[in-house]
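*Asks:* Using numbering that gives the first Met the number 0, read the sequence shown as starting at 0 and increasing by one per residue.
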Amino acid sequence: MKAQLLRKTAVLIVAAGRGERAGGDIPKQYRQIDGHSVLGRAIDSFLDHPAISRIQPVIGSGDEEIFRQAVPSHARLLPPVSGESTRQGSVLQGLRSLAADAPEQVLIHDGARPFLGKTIISRVLDGLAHATGVIPALPIASTIKKIDPTGRIVETVPREGLVAAETPQGFRFADILVAHERAAAAGKEFTDDAAVAEWAGMSVATVPGDVSNIKLTTAEEISAAEHRLAGESALALGDVRVGNGFDVHTFGPGDHIMLGGVAIPHDRGMVGHSDADVALHALTDAILGALADGDIGVHFPPSDPRWKGAASEIFLAEAVRRLRARGGRIAHLDLAIIAEAPKVGPYRDAIRQRIAEIAGITLDRVSIKATTNEGLGYIGRREGIAAHATATIRLPFGIE
Ligand code: MG
Numbered sequence: 000m001k002a003q004l005l006r007k008t009a010v011l012i013v014a015a016g017r018g019e020r021a022g023g024d025i026p027k028q029y030r031q032i033d034g035h036s037v038l039g040r041a042i043d044s045f046l047d048h049p050a051i052s053r054i055q056p057v058i059g060s061g062d063e064e065i066f067r068q069a070v071p072s073h074a075r076l077l078p079p080v081s082g083e084s085t086r087q088g089s090v091l092q093g094l095r096s097l098a099a100d101a102p103e104q105v106l107i108h109d110g111a112r113p114f115l116g117k118t119i120i121s122r123v124l125d126g127l128a129h130a131t132g133v134i135p136a137l138p139i140a141s142t143i144k145k146i147d148p149t150g151r152i153v154e155t156v157p158r159e160g161l162v163a164a165e166t167p168q169g170f171r172f173a174d175i176l177v178a179h180e181r182a183a184a185a186g187k188e189f190t191d192d193a194a195v196a197e198w199a200g201m202s203v204a205t206v207p208g209d210v211s212n213i214k215l216t217t218a219e220e221i222s223a224a225e226h227r228l229a230g231e232s233a234l235a236l237g238d239v240r241v242g243n244g245f246d247v248h249t250f251g252p253g254d255h256i257m258l259g260g261v262a263i264p265h266d267r268g269m270v271g272h273s274d275a276d277v278a279l280h281a282l283t284d285a286i287l288g289a290l291a292d293g294d295i296g297v298h299f300p301p302s303d304p305r306w307k308g309a310a311s312e313i314f315l316a317e318a319v320r321r322l323r324a325r326g327g328r329i330a331h332l333d334l335a336i337i338a339e340a341p342k343v344g345p346y347r348d349a350i351r352q353r354i355a356e357i358a359g360i361t362l363d364r365v366s367i368k369a370t371t372n373e374g375l376g377y378i379g380r381r382e383g384i385a386a387h388a389t390a391t392i393r394l395p396f397g398i399e
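Following this line, the structure appears as structure tokens:
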């Protein structure tokens with residue numbers, strides 16, 4: 000590992016393609032798979048590897064904003080440079096941008112290969128200690144046929160000695176830059192960087208690739224990857240729990256009430272130590288209940304002056320933080336608000352939106368219902384407002 004660090008390794012991620020075969024509105028490398036973009040996953044593989052000093056993405060011109068949204072920034076991730084209409088042209092732009100502070104070696108990776116493991120990266124880097132170029136390659140399992148334009152078989156190609164090339168393809172930086180410059184000057188077009196290197200007379204070795212390191216090309220491949228990952232994360236978070244919470248506060252002097260983090264004008268206010276938001280208090284207790292982690296009073300004692308007049312979103316945010324710290328996710332939040340007045344209906348969408356924001360989940364995982372108490376009891380007498388909440392959460396199976 001030490002030798003790898005000393006050699007200063009940069010990564011070039013090629014993501015300038017338009018991905019026409021995958022269809023859709025956006026290039027395939029920006030599609031989300033289980034909440035994270037294809038390109039972001041490809042980049043993360045390298046960020047997780049300690050030998051990589053910096054990563055240079057090459058993207059389509061005009062894709063800067065979509066890139067910024069799809070890929071979180073990182074100290075080792077350089078701002079993207081614009082590519083060209085061909086893969087080879089894009090690689091050359093990326094190599095030139097790295098040349099100002101030239102690394103000793105470079106790994107060139109397809110932005111549409113999101114399932115790259117650390118092992119393959121290490122294998123390619125180890126191979127570079129003994130070769131000017133190294134690529135991961137897989138034996139071909141299928142029998143290979145050559146066909147004519149009508150689809151008729153012309154010949155069966157012997158598969159001995161044939162392998163399928165993957166990426167990342169690693170090279171000594173100075174050599175691959177010269178090879179690409181020469182290929183461009185000669186007007187030669189190749190489909191991978193190893194082919195450019197071979198044409199330039201470089202010796203390129205292979206190391207074993209990985210079947211899971213697939214290049215996502217079609218819409219079907221992207222949706223299959225989505226299903227596989229969603230299934231894996233659902234299985235990993237198979238400890239499903241439900242918690243409930245209840246809260247009530249009394250009306251008092253004031254001109255508005257806080258409900259679900261939204262200020263609703265009213266001829267009265269609510270009495271409480273904090274901002275007396277029954278909706279957020281009930282939700283906080285529902286999540287803490289699902290975690291079997293006490294209640295709102297344990298974590299935010301009313302005796303503590305810090306919480307006097309506090310915005311209750313901090314309570315819900317803390318319950319969510321405790322859930323995330325245990326590796327969990329919110330599956331669903333359901334809230335019933337019981338009040339004779341004010342009318343909640345006009346604020347329902349705003350409350351739903353606010354709760355989704357505080358909890359960091361999508362709107363489709365938040366449900367708000369409102370009812371009166373039919374004039375019965377303390378709520379019917381307009382003395383206060385109550386809320387019932389249910390939280391469904393998923394946790395990883397832990398060791399009991
Ligand atoms: Mg309360």
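The beta carbon of each residue, even a glycine, is placed where N, CA and C say it ideally should be. Predicted model only: the values in this text are computed from it and were never measured.
Let me confirm a value: Asp284 is counted as buried when at least 16 other C-beta atoms fall within 10 Å, else exposed. Which label applies?
*Replies:* For this step, residue 284 is matched to residue 285 along the sequence shown. Asp284 should be labelled buried.
*Asks:* Does Val210 pass the burial test, meaning 16 or more other C-beta atoms within 10 Å, or should it be called exposed?
*Replies:* The sequence position of residue 210 within the sequence shown is 211, counting from 1. The residue in question, Val210, is exposed, as its Cβ has fewer than 16 Cβ neighbours within 10 Å.
*Asks:* In the structure shown, what three-state DSSP assignment does Ile58 receive?
*Replies:* Looking up residue 58 in the sequence shown gives position 59. Strand at Ile58.
*Asks:* Taking the CB atoms as reference points, tell me whether Thr205 and Pro135 lie closer together than 9 Å.
*Replies:* As a working note, residue 205 is residue 206 in the sequence shown. As a working note, residue 135 is residue 136 in the sequence shown. The answer is yes: Cβ separation under 9 Å.
*Asks:* Do Thr216 and Arg171 count as a contact pair if the criterion is CB distance below 9 Å?
*Replies:* Position 172 of the sequence shown, counted from the start, is the residue given in the question as residue 171. Position 217 of the sequence shown, counted from the start, is the residue given in the question as residue 216. Not in contact: Arg171 and Thr216 (Cβ atoms no closer than 9 Å).
*Asks:* Is it buried or exposed, Thr166, if we count other Cβ atoms within 10 angstroms and call 16 or more buried?
*Replies:* Position 167 of the sequence shown holds residue 166. Thr166 is buried by the Cβ-count criterion.
*Asks:* Could you tell me if Asp147 is buried or exposed, where buried requires 16 or more neighbouring beta carbons within 10 angstroms of its beta carbon?
*Replies:* Working through the sequence shown from its first residue, we reach residue 147 at position 148. Answer is exposed; the Cβ neighbour count stays below 16.
*Asks:* Exposed or buried, which one is Lys307 when buried takes at least 16 other CB atoms within 10 Å?
*Replies:* For this step, residue 307 is matched to residue 308 along the sequence shown. With fewer than 16 Cβ atoms within 10 Å of its Cβ, Lys307 is classed as exposed.
*Asks:* Using only the alpha-carbon positions, how far apart do Arg227 and Ala233 sit?
*Replies:* Start at 1 with the first residue of the sequence shown, and residue 227 comes out as number 228. Start at 1 with the first residue of the sequence shown, and residue 233 comes out as number 234. Arg227 and Ala233: Cα-Cα distance of roughly 10 Å.
*Asks:* Would you mind listing the alpha helix (DSSP H) stretches within the region 170-230 that are 4+ residues and don't spill past its ends, in chain order?
*Replies:* Taking only runs of at least 4 residues, the alpha helix (DSSP H) segments lying wholly in the region 170-230 are 172-184, 192-198.
*Asks:* Would you mind giving the Cβ-Cβ distance between Lys7 and Ser52, rounded to the nearest angstrom? I have them listed as a contact below 8 Å.
*Replies:* In the sequence shown, counting from the first residue as 1, residue 7 sits at position 8. In the sequence shown, counting from the first residue as 1, residue 52 sits at position 53. Lys7 to Ser52, Cβ: 5 Å. Contact.
*Asks:* Among all residues, which have a Cβ less than 5 Å from at least one non-hydrogen atom of the ligand MG, and in what chain order do they fall?
*Replies:* Here the list is Asp246, His280.
*Asks:* Classify Ile152 as buried or exposed, calling it buried when 16 or more other Cβ atoms lie within 10 Å of its own Cβ.
*Replies:* Here the question's residue 152 lines up with position 153 in the sequence shown. Exposed.
*Asks:* Would you kindly work out how many angstroms separate the C-alpha atoms of Leu401 and Gly271, rounded to a whole number?
*Replies:* Because the chain spans 0 through 399 in this model, residue 401 falls outside it and cannot be assessed.
*Asks:* Return no unless some Cβ of chain D is closer than 9 Å to the Cβ of Ile134.
*Replies:* The structure shown contains no chain D; it is built from a single protein chain.
*Asks:* Would Ile337 and Ala388 be called neighbours here (beta carbons separated by less than 9 Å)?
*Replies:* The residue given as residue 337 occupies position 338 in the sequence shown. The residue given as residue 388 occupies position 389 in the sequence shown. Going by C-beta atoms, Ile337 is not nearer than 9 Å to Ala388.
*Asks:* What does the alpha-carbon distance come out to for the pair Met269 and Pro71?
*Replies:* The residue given as residue 269 occupies position 270 in the sequence shown. The residue given as residue 71 occupies position 72 in the sequence shown. Met269 and Pro71: Cα-Cα distance of roughly 41 Å.
*Asks:* Reducing DSSP to helix, strand and coil, say where His129 ends up.
*Replies:* Translated into positions along the sequence shown, residue 129 becomes position 130. Residue state, collapsed to three classes: coil.
*Asks:* Just list the residues that DSSP pairs Ile329 with in beta bridges.
*Replies:* Taking the first residue of the sequence shown as position 1, residue 329 is located at position 330. DSSP, once it has assigned bridges, lists Ile392 as partnering Ile329.
*Asks:* For Gly251, which residues of its own chain have a beta-carbon under 8 Å away from its beta-carbon, when the five flanking residues on both sides are left out?
*Replies:* For the purposes of this step, residue 251 is taken as the residue at position 252 of the sequence shown. Arg267, Gly268, Met269, Val270.
*Asks:* In this structure, how does DSSP classify Ala369 when only helix, strand and coil are distinguished?
*Replies:* Position 370 of the sequence shown, counted from the start, is the residue given in the question as residue 369. Reduced to three states, the DSSP call for Ala369 is strand.
*Asks:* Report the residue from Val177, Thr149, Ile175, Leu137 whose alpha carbon sits nearest the alpha carbon of Val162.
*Replies:* Counting from 1 along the sequence shown, the entry for residue 162 is found at position 163. Checked all of Val177, Thr149, Ile175, Leu137; the closest Cα to Val162 is Leu137.
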